[in-house]
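These notes are about the structure you will find just below.
In this note's numbering, the protein residues as written are 189 to 567.
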């Protein structure tokens with residue numbers, strides 16, 4: 189009798205030492221899919237750490253079941269929980285936590301759901317012509333934000349210097365509005381994430397480039413380096429043919445087939461056709477057949493600016509066919525330097541740049557027919 193009591197006491201103490209088994213409620217497992225078929229393969233073991241909580245996997249085992257009854261009885265566990273094909277959407281999975289020593293157990297459940305994934309749109313390549321030929325420039329990567337988002341207004345865009353970082357959402361570029369390139373040219377990788385569901389796409393990239401000590405190859409002399417004409421940024425120049433005429437963009441001096449040469453679609457005259465989008469449809473004008481020379485050509489031919497380069501003053505003259513209403517000067521970063529109103533009936537004005545630092549500036553001339561932009565170099 190004494191031995192029996194000692195044995196029972198030992199068993200009680202042993203069970204108390206192992207503690208109560210707890211199957212914690214894990215988060216549901218979500219699979220992002222586009223297009224959404226409702227079916228996928230899930231790794232159920234991703235829920236194991238949450239289910240165990242602080243319980244050691246050396247002492248407690250987790251098994252997964254399709255029914256509550258099977259989980260309670262420990263019968264017919266899912267054979268390969270690391271690759272489970274959901275039979276319905278959503279699907280309820282039951283998990284059983286069991287103490288290997290006492291065989292005590294507890295159960296919990298979670299959901300498997302296949303939800304709508306997202307697709308980032310192809311961003312535009314960027315070329316900045318600073319004129320200093322040092323191979324480095326400051327880029328505002330966020331000009332591609334709306335392009336990448338498409339119709340996903342609640343999407344968050346991040347930029348990365350490696351594809352691995354984009355896929356893992358690690359080490360994003362912290363200052364995408366003022367990014368200085370590491371190499372020339374350089375590939376920038378992007379991720380688009382739905383902030384409501386957490387789904388993201390990191391399959392897109394774009395290229396940035398600037399003028400350098402070693403000129404970038406421009407085989408068709410259209411003002412756009414060959415590497416920037418790699419529209420899908422896959423390093424294959426031969427599969428980019430915007431106008432479908434059989435000539436790849438890097439060999440075609442009219443990329444969009446609108447009968448306006450690519451080099452002439454630099455409507456803001458900053459040395460790069462890649463940032464001109466007059467109809468604001470998120471497609472650069474040199475790749476958009478719906479935008480051709482017109483008002484801009486007329487305005488630019490009607491307004492003269494001199495001297496260029498300048499040390500202090502810039503003189504502007506225009507003919508009587510247009511009415512200039514204002515003059516604004518912007519720096520390379522897009523910040524306004526000065527702005528002047530023009531009196532009605534005037535046909536000339538002077539812009540004083542004596543207080544501005546040496547560099548490249550853009551003078552925006554506002555008229556009743558639209559705006560014209562001219563590049564000026566201050567030395």
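C-beta atoms are modelled at their ideal positions from N, C-alpha and C, and glycine is treated no differently. Note that this is a predicted model, so its numbers are computed, not measured.
(request) Would you tell me roughly how many angstroms separate the C-alpha atoms of residue 345 and residue 554, rounded to the nearest one? (result) 33 Å
(request) Could you check what DSSP says for residue 531 in three-state terms: helix, strand or coil? (result) DSSP places residue 531 in coil when its eight states are reduced to three.
(message) Closest to residue 257 by C-alpha separation, out of 219, 438, 281, 381, would be which residue?
(response) 281
(message) Which residue wins for smallest C-alpha separation from residue 505, given the options 534, 516, 465?
(response) Residue 534 is the option with its Cα nearest to residue 505.
(message) Just to confirm my understanding: we take residue 316, look at its own chain, exclude 5 residues before and 5 after, and list those with CB closer than 7 Å. What are they?
(response) 325, 327, 398, 460
(request) Check whether the Cβ atoms of residue 503 and residue 466 sit closer than 8 Å, and answer yes or no. (result) The answer is no: Cβ separation not under 8 Å.
(message) Checking 8 Å against the spacing of the C-beta atoms, do residue 393 and residue 298 come in under that value?
(response) no
(request) Check residue 236 in the structure and name its three-state DSSP category. (result) The answer is helix: DSSP assigns residue 236 an H, G or I state.
(message) What would DSSP say about residue 310, mapped onto helix, strand or coil?
(response) coil
(request) Could you have a look at residue 213 and say whether DSSP puts it in helix, strand or coil? (result) coil
(message) Quick check: the segment 448 to 460 against the segment 404 to 419, are at least 3 beta-carbon pairs closer than 8 Å?
(response) yes
(message) Can you look up residue 475 in the DSSP assignment and give me helix, strand or coil?
(response) Three-state DSSP puts residue 475 in a helix.
(message) I'd like the span of the beta strand (DSSP E) that includes residue 390, first residue to last.
(response) 388 to 398
(request) Go ahead and label residue 543 buried or exposed: buried means 16 or more other beta carbons lie within 10 angstroms of its beta carbon, across all protein chains shown. (result) exposed
(request) Kindly confirm or deny that the segment 258 to 272 and the segment 225 to 232 touch, where touching means at least three C-beta pairs closer than 8 Å. (result) Of all C-beta pairs linking the segment 258 to 272 to the segment 225 to 232, three or more are shorter than 8 Å, placing the two stretches in contact.
(message) The alpha helix (DSSP H) that contains residue 304, what's its start and end?
(response) Careful: residue 304 lies outside any alpha helix (DSSP H), inside the beta strand (DSSP E) at 293 to 304.
(message) Using a Cβ-Cβ cutoff of less than 8 Å, which residues in the same chain neighbour residue 547 once the five nearest sequence positions on both sides are dropped?
(response) If we look at residue 547 and ignore the five residues flanking it on each side, its Cβ neighbours are 519, 520, 565, 566.
(request) May I ask which residues mark the beginning and end of the alpha helix (DSSP H) holding residue 243? (result) Per DSSP, residue 243 belongs to no alpha helix (DSSP H) and is neither H nor E.
(request) Check whether the Cβ atoms of residue 295 and residue 259 sit closer than 8 Å, and answer yes or no. (result) yes
(request) Just tell me which of 404, 558, 441, 431 has its CA closest to the CA of residue 491. (result) 558
(request) Name the two residues that bound the continuous beta strand (DSSP E) containing residue 548. (result) For residue 548, the uninterrupted beta strand (DSSP E) run begins and ends at 547 to 555, by DSSP.
(request) Might you give, ordered along the chain, the residues of its own chain that have their beta carbon closer than 8 Å to the beta carbon of residue 205, omitting 5 neighbours on each side? (result) Residue placement at residue 205 is poorly supported in this model, since its pLDDT is 44, which falls under 50; the coordinates are not used for a value here.
(message) Please report the straight-line C-alpha distance between residue 333 and residue 497, rounded to a whole angstrom.
(response) 34 Å
(request) Below 8 Å on the Cβ atoms is my guess for residue 209 versus residue 287; work out the distance and round it to an integer in Å. (result) Right, their Cβ atoms sit about 5 Å apart.
(request) Could you say which of 366, 363, 514 lies nearest to residue 531 if we only look at CA atoms? (result) 514
(message) Rounding to the nearest angstrom, what Cα-Cα distance links residue 395 and residue 359 in this structure?
(response) 19 Å
(request) Please name the residue, chosen from 423, 527, 381, that lies closest to residue 220 on a Cα-to-Cα basis. (result) 381
(request) Could you check what DSSP says for residue 254 in three-state terms: helix, strand or coil? (result) In the structure shown, residue 254 sits in coil (DSSP, three-state: anything other than H, G, I, E or B).
(message) Please report the distance separating the alpha-carbon of residue 550 from that of residue 562.
(response) 6 Å
(request) With a cut-off of 8 Å on the beta carbons, I'd call residue 355 and residue 390 a contact; round off their distance for me. (result) Contact holds; Cβ gap of about 5 Å.
(message) Taking the alpha carbon of residue 292 as the reference point, which residue from 524, 341, 211 has its own alpha carbon closest?
(response) 211
(message) Suppose you measure from the CA of residue 224 to the CA of residue 215; what does that come to, to the nearest Å?
(response) Those two C-alpha atoms are separated by around 21 Å.
(message) To the nearest angstrom, how far is the alpha carbon of residue 300 from that of residue 276?
(response) 9 Å
(message) Output needed for residue 368: all residues of its chain with C-beta closer than 8 Å, excluding positions within five of it in sequence on either side, in chain order.
(response) Closer than 8 Å at the Cβ level, and outside the excluded window around residue 368, lie 324, 325, 326, 327.
(request) Compare the C-alpha of residue 263 against each of 475, 331, 283, 365 and name the closest. (result) 283
(message) Please classify residue 529 as buried or exposed, where buried requires at least 16 neighbouring CB atoms within 10 angstroms.
(response) exposed
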